[in-house]
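Structure first, commentary second.
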Amino acid sequence: MAFVNWFKRHVVVIAGLLTLAYLLLPNVVVTVFSFNKPNGRFNYEWQQFSTDAWKDPCGVAGLCGSLSLSLQIALWATLGATALGTAIAFALVRYRFRARGAINSLIFLPMAMPEVVMAASLLTLFLNMGAQLGFWTILIAHIMFCLSFVVTAVKARVMSMDPRLEQAAQDLYAGPFQTFVRVTLPIAAPGIAAGALLAFALSFDDFIITNFNAGSTVTFPMFVWGSAQRGTPVQINVVGTAMFVIAVLFVLVSMVLGNRRNRRKA
Amino acid sequence: MSTLTEAPPPLSPPAPEQKPPRRRGRWTPYWLLLPGILWLVVFFAAPMVYQASTSVQTGSLEEGYKVTWHFATYWDALTEYWPQFLRSVAYAASATVLCLLLGYPLAYLIAFRAGRWRNLIMILVIAPFFTSFLIRTLAWKTILADGGPVVGALNTLHVLDVTGWLGWTSGDRVLATPLAVVCGLTYNFLPFMILPLYTSLERIDGRLHEAAGDLYAKPSTVFRKVTFPLSMPGVVSGTLLTFIPATGDYVNASLLGSADTGMIGNVIQSQFLRVLDYPTAAALSFILMAAILAMVTFYIRKSGTEDLV
Chain H
1 MAFVNWFKRH VVVIAGLLTL AYLLLPNVVV TVFSFNKPNG RFNYEWQQFS TDAWKDPCGV
61 AGLCGSLSLS LQIALWATLG ATALGTAIAF ALVRYRFRAR GAINSLIFLP MAMPEVVMAA
121 SLLTLFLNMG AQLGFWTILI AHIMFCLSFV VTAVKARVMS MDPRLEQAAQ DLYAGPFQTF
181 VRVTLPIAAP GIAAGALLAF ALSFDDFIIT NFNAGSTVTF PMFVWGSAQR GTPVQINVVG
241 TAMFVIAVLF VLVSMVLGNR RNRRKA
Chain C
267 MSTLTEAPPP LSPPAPEQKP PRRRGRWTPY WLLLPGILWL VVFFAAPMVY QASTSVQTGS
327 LEEGYKVTWH FATYWDALTE YWPQFLRSVA YAASATVLCL LLGYPLAYLI AFRAGRWRNL
387 IMILVIAPFF TSFLIRTLAW KTILADGGPV VGALNTLHVL DVTGWLGWTS GDRVLATPLA
447 VVCGLTYNFL PFMILPLYTS LERIDGRLHE AAGDLYAKPS TVFRKVTFPL SMPGVVSGTL
507 LTFIPATGDY VNASLLGSAD TGMIGNVIQS QFLRVLDYPT AAALSFILMA AILAMVTFYI
567 RKSGTEDLV
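Chains as they are written, first to last, in this note's numbering: chain H, 1 to 266; chain C, 267 to 575.
This is the structure we're talking about:
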């Protein structure tokens with residue numbers, strides 16, 4: 001009876017933690033299998049412990065090349081989408097103008113459209129234009145689908161900003177440029193950073209849209225996709241594990257720094 | 267003369283965010299919008315129009331295509347691929363329901379019960395995003411492998427007998443069955459359910475729960491009458507964010523499924539990239555888009571949160 005009562009009281013916590021386990025289980029498997037020494041082409045069954053793949057992460061032809069290509073595309077796509085998206089977000093929050101509704105739905109639609117539809121239609125356009133598929137078509141596509149997410153993230157932050165701070169800066173004889181760089185931008189920065197981080201993650205991980213518009217260029221997700229057919233090298237798990245660890249460390253460090261700054265202010 | 271220099275009293279109560287009139291700034295919003303909107307018009311809206319025109323073309327890859335308003339392509343595509351359409355909707359709907367059932371307790375836990383663990387759990391929800399989703403989906407091949415612990419446990423508990431009878435699995439296997447595809451879809455889109463749910467739950471004032479408790483509501487009643495209704499915006503946007511991408515997904519069906527579990531995304535992908543039958547592919551992707559828009563509109567009307575989108 002005591003157990004039943006305890007279970008009743010904690011049922012939400014138990015269910016939540018089970019879901020968390022479901023979410024993290026593949027990551028555990030990826031990590032464990034990065035230390036595997038597979039027998040044959042596929043790394044789906046545990047054979048024996050080995051650190052070979054960690055010592056030689058670039059040992060598979062094409063893996064590190066595709067990784068660096070994906071990083072480059074994600075970097076440029078982040079820059080492009082963040083610049084264009086931040087400008088749109090500021091215009092939407094700070095100004096009243098005609099066609100606001102139309103522009104809002106144009107921003108919303110790419111997020112509500114299945115990726116395969118966007119990918120296919122963009123390919124139709126590129127084929128009609130006779131464009132050479134590759135780096136540039138991937139970059140164009142990535143900026144396109146990251147844009148809406150950046151706008152949404154930045155908009156949320158700018159909306160909660162007090163416009164009187166900028167008026168105060170102008171009352172203190174700051175020019176428009178000075179006001180923007182020293183007041184507006186620092187306040188909006190967390191929103192812009194969130195948008196940029198989201199854009200980077202989305203671009204780096206995108207498979208469907210890239211697969212349609214890449215031609216014979218191979219990004220990292222496409223390399224993984226191909227390896228699912230040809231045979232998966234252990235190095236893929238090494239990269240997956242490293243990405244997870246880097247992401248967790250990055251967030252932890254930024255949180256610790258944020259806490260420290262808050263404490264200093266307080 | 268003084269009446270001219272004095273500002274007339276405002277007609278409406280002055281809003282605090284009212285800005286002073288700027289003479290130079292009239293065109294500023296348009297300059298800010300121009301590059302981004304141009305990008306979306308050229309690379310998002312125009313391709314849709316191109317695709318619409320492609321879907322009514324006839325011809326061949328060698329001789330080129332011409333617009334002939336050949337609407338029969340739509341009919342042919344629909345009669346040939348309706349099983350894949352139905353399957354996509356069924357799989358995506360199952361995955362969405364599972365995401366809601368699994369995601370709600372976790373979102374609730376983060377919002378109300380996690381205390382100082384809140385940030386850590388949030389990180390653990392978001393961090394898997396950064397491991398390529400393809401790698402994580404491939405990991406499900408290991409987890410659900412034939413003869414593996416999961417399949418063994420399901421077999422011992424006779425779960426596979428039931429799911430096999432329902433047609434979700436076949437024999438002693440989970441891989442290459444609908445169950446595996448739905449499991450992968452649920453996994454992949456779960457964070458898209460958890461985050462909006464968390465956002466809307468977090469906004470709920472905890473004192474409402476206390477008030478309901480003071481009025482002798484049982485915890486289950488508090489949830490049914492207070493918490494759940496107030497989290498509806500999160501439920502609606504969460505289900506949309508899972509259902510829409512899940513319907514168009516073809517990665518899970520390819521990696522975890524078999525030829526019998528093909529979804530509409532698989533057909534569109536192979537028509538576009540392997541068969542090179544562009545009109546059929548374009549028609550299929552237009553039907554998918556229209557179907558999703560129709561379902562989403564209906565759903566938003568039904569759930570009564572039109573102001574959400």
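All C-beta atoms in this analysis are idealised placements derived from N, C-alpha and C, irrespective of residue type, glycine included.
Output, in sequence order along the chain, the residues in the stretch 294-317 of chain C whose CB is closer than 8 Å to any CB in chain H. T294, P295, Y296, L298, L299, P301, G302, I303, W305, L306, V307, F309, F310, A311, A312, P313, M314, Y316 and Q317
Taking DSSP as the reference, what is the three-state secondary structure of Q535/C? On the second sequence, position 269 is the one that residue 535/C refers to. Q535/C: helix per DSSP, three-state reduction.
Are the beta-carbon atoms of L198/H and V183/H separated by less than 8 Å? For the purposes of this step, residue 198/H is taken as the residue at position 198 of the first sequence. For the purposes of this step, residue 183/H is taken as the residue at position 183 of the first sequence. Taking 8 Å as the Cβ cut-off, L198/H and V183/H do not qualify as a contacting pair.
So that I know if they touch, is there some Cβ in chain C lying closer than 8 Å to that of F135/H? Here residue 135/H refers to the residue found at position 135 when the first sequence is read from its first residue. So, not an interface residue.
Closest Cα partner of Y22/H within the set G528/C, T487/C, V416/C and P511/C: The residue you call residue 22/H lines up with position 22 of the first sequence. Answer by Cα proximity: V416/C.
Whole-Å CB distance - M161/H paired with I187/H, under 8 Å assumed: Counting from one through the first sequence, the residue named residue 161/H turns up at place 161. Counting from one through the first sequence, the residue named residue 187/H turns up at place 187. M161/H to I187/H, Cβ: 5 Å. Contact.
If you run the structure through DSSP and keep just helix, strand and coil, what is K484/C? Walking along the second sequence from the start, residue 484/C turns up at place 218. K484/C: coil per DSSP, three-state reduction.
So what does S436/C bridge to, in DSSP terms? Counted from its first residue, the second sequence places residue 436/C at position 170. S436/C is bridged to R439/C.
Quick test of your reading: R379/C and V13/H, contact by CB under 8 Å. State the CB separation rounded to the nearest angstrom. What you label residue 379/C is simply residue 113 of the second sequence in a count that begins at 1. What you label residue 13/H is simply residue 13 of the first sequence in a count that begins at 1. Correct: roughly 6 Å between the Cβ atoms.
In three-state DSSP terms, what is R289/C? Along the second sequence, read from residue 1 onward, the residue named residue 289/C stands at position 23. At R289/C, the pLDDT of 45 sits below 50, so the modelled position is not reliable; the number obtained from the coordinates is stated separately. DSSP places R289/C in coil when its eight states are reduced to three.
Short of 6 Å in beta carbon distance, which residues of its chain neighbour V448/C, apart from the five on each side in sequence? Order them along the chain. One-based indexing of the second sequence puts residue 448/C at position 182. Closer than 6 Å at the Cβ level, and outside the excluded window around V448/C, lie Y357, S360 and A361.
Quick one: list the residues of chain H neighbouring M555/C, beta-carbon separation under 8 Å, in chain order. Residue 555/C sits at position 289 when you count from the first residue of the second sequence. Result: M113, P114 and V117.
Contacting residues, own chain, Cβ-Cβ under 6 Å from A119/H (five flanking each side not counted): Translated into the one-based positions of the first sequence, residue 119/H becomes position 119. So the list reads I208, I209 and F212, once near-sequence residues are dropped.
For the structure I just gave you, are there three or more beta carbon pairs, one from the stretch 105-125 of chain H and one from the stretch 530-545 of chain C, closer than 8 Å? yes
Is there a Cβ of chain C sitting closer than 8 Å to that of N39/H, yes or no? Position 39 of the first sequence holds residue 39/H. For N39/H, the answer is no, since every Cβ of chain C falls outside 8 Å of its Cβ.
Spatial distance of L506/C from Q170/H (CA atoms): Counting from one through the second sequence, the residue named residue 506/C turns up at place 240. Counting from one through the first sequence, the residue named residue 170/H turns up at place 170. If you take the alpha carbons of L506/C and Q170/H, they lie about 43 Å apart.
Status (buried if at least 16 other CB within 10 Å, exposed otherwise) for G472/C: In the second sequence, counting from the first residue as 1, residue 472/C sits at position 206. Exposed, by the Cβ-count rule.
Might you give, ordered along the chain, the residues of its own chain that have their beta carbon closer than 6 Å to the beta carbon of T334/C, omitting 5 neighbours on each side? The count along the second sequence starts at 1 and reaches residue 334/C at position 68. Same-chain partners within the cutoff: T324.
For G16/H, count neighbouring Cβ atoms within 10 angstroms of its own Cβ and tell me buried if that reaches 16, exposed if not. The sequence position of residue 16/H within the first sequence is 16, counting from 1. When all chains shown are included, G16/H counts as buried.
Closer than 8 Å to chain C by CB, Y173/H: Position 173 of the first sequence holds residue 173/H. Y173/H does not count as touching chain C.
Among L375/C, Y370/C and F396/C, which has the Cα closest to the Cα of P26/H? For the purposes of this step, residue 26/H is taken as the residue at position 26 of the first sequence. Ranking L375/C, Y370/C and F396/C by Cα distance to P26/H puts F396/C first.
Please list, in chain order, all residues of the same chain as G514/C whose beta carbon is under 7 Å from its beta carbon, the five residues on each side excluded. As a first step, residue 514/C must be located in the second sequence, where it is residue number 248. The residues are G531 and L554.
Completely contained alpha helix (DSSP H) runs for the stretch 220-246 of chain H, where each covers 4 or more residues: 220-230
Give me the chain A residues within the contact set of Y516/C, using Cβ-Cβ distance strictly less than 7 Å, ordered along the chain. Among the protein chains in the structure shown, which are H and C, there is no chain A.
In chain order, what residues of the same chain lie with their CB nearer than 8 Å to the CB of P287/C, ignoring the 5 residues before and after it? Taking the second sequence and counting its residues from 1, the one referred to as residue 287/C is at position 21. With a pLDDT of only 47 at P287/C, under the threshold of 50, the placement of this residue in the model should not be trusted, and no figure is reported.
Return the CA-CA distance between R289/C and A547/C, expressed in angstroms with no decimal places. Counted from its first residue, the second sequence places residue 289/C at position 23. Counted from its first residue, the second sequence places residue 547/C at position 281. Caution is warranted here: a pLDDT of 45 is assigned to R289/C, below 50, making its placement in the model unreliable, and no coordinate value can be reported.
Tell me where the beta strand (DSSP E) around K332/C begins and ends. In the second sequence, counting from the first residue as 1, residue 332/C sits at position 66. Here the beta strand (DSSP E) through K332/C covers G330 to V333.
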